[in-house]
Amino acid sequence: MFGKWIERVKRNGKNSADAGLLGQYLDAVCAKYVDRYKEMIGLDDKRPGTYDSALDVDALDVLAQLVMAEMGIPNADLAAARAYLSILIENEHLPLQNQLNADELGALRDLLFSYFGGSDAVNDRGAEVLELIEHKFTSGCFSQAKILLQIFETNHETRQNNERNLYYEEMIMRIDGVRSANVSGISKELVDAACADDAPDEAILAAFDACASNANIHFDLFLRDLNEEARWKDAIAPLSQNVQNYILEYVPVVRWRQLGTLKEPLINQINRHMVFESLRRYVQQKLRMCYFILLASGITGYEWFIYAFTNWSRDIFNVDVREIFPVLHRLALVDGMCLQEVLDVTLERYYGPAMNDIVLDAYELDKAFRESVRFILQTDMSMFPMGYYNFGDFLLDRILPFPYEDPYFACRLHLLM
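In this note's numbering, the protein residues as written are 73 to 489.
Pasting the structure below:
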């Protein structure tokens, strides 16, 4: 876990109720992938050896064409297919219930194919998608809005403006988010069983299932299905290692999955979630919130978070926050960099060295797991906004103790939006 910089993990889908729109087609695509790849580079089974992409065939072109064919769109324009595939993959990363549905994705597909096909209907299709984006903004579905907005990011200024609008709206929603209502039915027996020192996975999942069904509060980890991953590895084994590595960055698609979805011990799933990217996302989310509070005009009531973040950065990462924000502000406003690029640069420059040295042992991880379960279940659940949560961040709050003045504020930070 953690250790030196680990390449970002991507995900996989399943042809089941646990799959988004793309995942429903990946089983069939997996079985056909190698044959289609060989066909595109003009090789057949009579020619020995592995198959490389030396003949200018992009492995994602093959994937895009196969996905379109499975969706009933054979011979699709390749540029449109690649663009739509990227949207499907981004959408698949989200928790299942937070994903764009088939009709919404269909509106995006129609716009893309109208644009690349030079259709006169492109303006009408664009207006439909813009109306959908507005609805996602007002509903607080910011991850969905981000996916939709990417289609219109034709230049740097547009991308920068969209990103800032998303950032401000998301942070406002996190601070003033709607509380969960009508929380009932999480029995004391369920809570006590899940909070026991030696509580089995079944007891913990039973309590969390009650949170989901009675309060619409769900806890997720960013994982891929190991069975699906093994099947893809076996299927594409005839291809060169470079091609295998490339395609496995994208499929099977990594996704936020609710605890209990995958049938393996919870501590094993937590261990797989805790890659370097999880730590990076955790620190960056706190940096994002701190920057927002600094930018806010007047007294917000959350100034304590700035001081807490300052002390935490110094104690855990040996970082002086007073050096960070002038640099961050200059890069964002003076140099005109997009906010995500600014956050990436700032995080790597100031926090990267200490983050690379963080290593977890099995005892520490299990201890944080048990403490996080107790915090969640022994807390007033009406203080949790409804939605899907990054369960791993609750563990990191205990591994890298953050001095929350308001412990419920953690719930707002860890909500997946």
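By construction, the Cβ of each residue, glycine as well, lies at the ideal position given by its N, Cα and C atoms.
| Check | Outcome |
| --- | --- |
| Three-way DSSP call (helix, strand, coil) for GLY189 in this model | coil |
| Exposure label - HIS228; buried when at least 16 CB within 10 Å | exposed |
| Given CYS483 as reference, the closest of LEU166, LEU437 and MET458 once Cα atoms are compared | MET458 |
| Spatial neighbours of LEU449 in its chain, beta-carbon cut-off 7 Å, leaving aside the 5 residues before and after | VAL263, ALA266, CYS267 and ALA279 |
| Buried or exposed by the 16-neighbour rule on C-beta atoms within 10 Å, applied to ASP175 | exposed |
| Test item: CB-CB of LEU220 and LEU204 under 8 Å | yes |
| Per-residue DSSP class, three states only, for ARG329 | strand |
| Which listed residue (LEU160, ILE159 and ASP133) has its alpha carbon closest to that of ALA148 | ASP133 |
| Inter-residue spacing [alpha-carbon to alpha-carbon] between ASP452 and PRO479 | 11 Å |
| Simplified DSSP assignment, three categories, for ASP292 | strand |
| Counterpart residues of ASN462 in DSSP-defined beta bridges | ASP292 |
| Under the three-state DSSP convention, the category LEU93 falls into | coil |
| Burial state of LYS260, where buried means 16 or more other Cβ atoms lie within 10 Å | exposed |
| Length of the line joining the Cα atoms of LEU488 and LEU405 | 27 Å |
| Local Cβ density within 10 Å of SER385, reported as buried at 16 or more and exposed below that | buried |
| Exposure label - PRO473; buried when at least 16 CB within 10 Å | exposed |
| Residues of its chain near ALA440, where Cβ-Cβ distance is below 7 Å and the 5 sequence neighbours each way are ignored | LEU467, ARG470 and ILE471 |
| Where LEU311 falls: helix, strand or coil (DSSP) | strand |
| C-alpha gap between PHE481 and ASP387, whole angstroms | 20 Å |
| Any 3 or more C-beta pairs closer than 8 Å across the segment 316-333 and the segment 163-172 | yes |
| Residue environment, TYR379, which counts as buried when at least 16 other CB atoms sit within 10 Å | exposed |
| LEU157 beta carbon near the ligand COA (any heavy atom closer than 7 Å) | As far as ligands go, the structure on display features none, and thus does not contain the ligand COA. |
| LEU405 in three-state terms, based on DSSP | helix |
| Residue(s) in a DSSP beta bridge with LEU487 | TYR461 |
| Length of the line joining the Cα atoms of ASP407 and VAL431 | 35 Å |
| Extent of the continuous alpha helix (DSSP H) to which ASN195 belongs | 194-211 |
| Backbone CA spacing between LEU485 and ARG394 [nearest angstrom] | 22 Å |
| Completely contained alpha helix (DSSP H) runs for the segment 319-407, where each covers 4 or more residues | 338-345, 348-367, 375-389 and 393-401 |
| Beta-carbon proximity list for ARG303, same chain, < 7 Å, skipping 5 on both sides | CYS102 |
| Rounded Cβ spacing between ASP297 and PRO324 (contact assumed at less than 8 Å) | 6 Å |
| Cβ contact check for the segment 228-239 and the segment 338-351: 3 or more pairs under 8 Å | no |
| Simplified DSSP assignment, three categories, for ILE471 | helix |
| For GLN412, the three-state DSSP class (helix, strand or coil) | helix |
| Reduced DSSP secondary structure (H/G/I, E/B, other) of SER125 | Low confidence applies here, because SER125 scores a pLDDT of 46, under 50, leaving its location unreliable and the question unanswered by this model. |
| Separation of LEU177 from GLY92, as counted between CA atoms | 11 Å |
| Rounded straight-line distance, which links the Cα of ALA151 to that of LEU138 | 14 Å |
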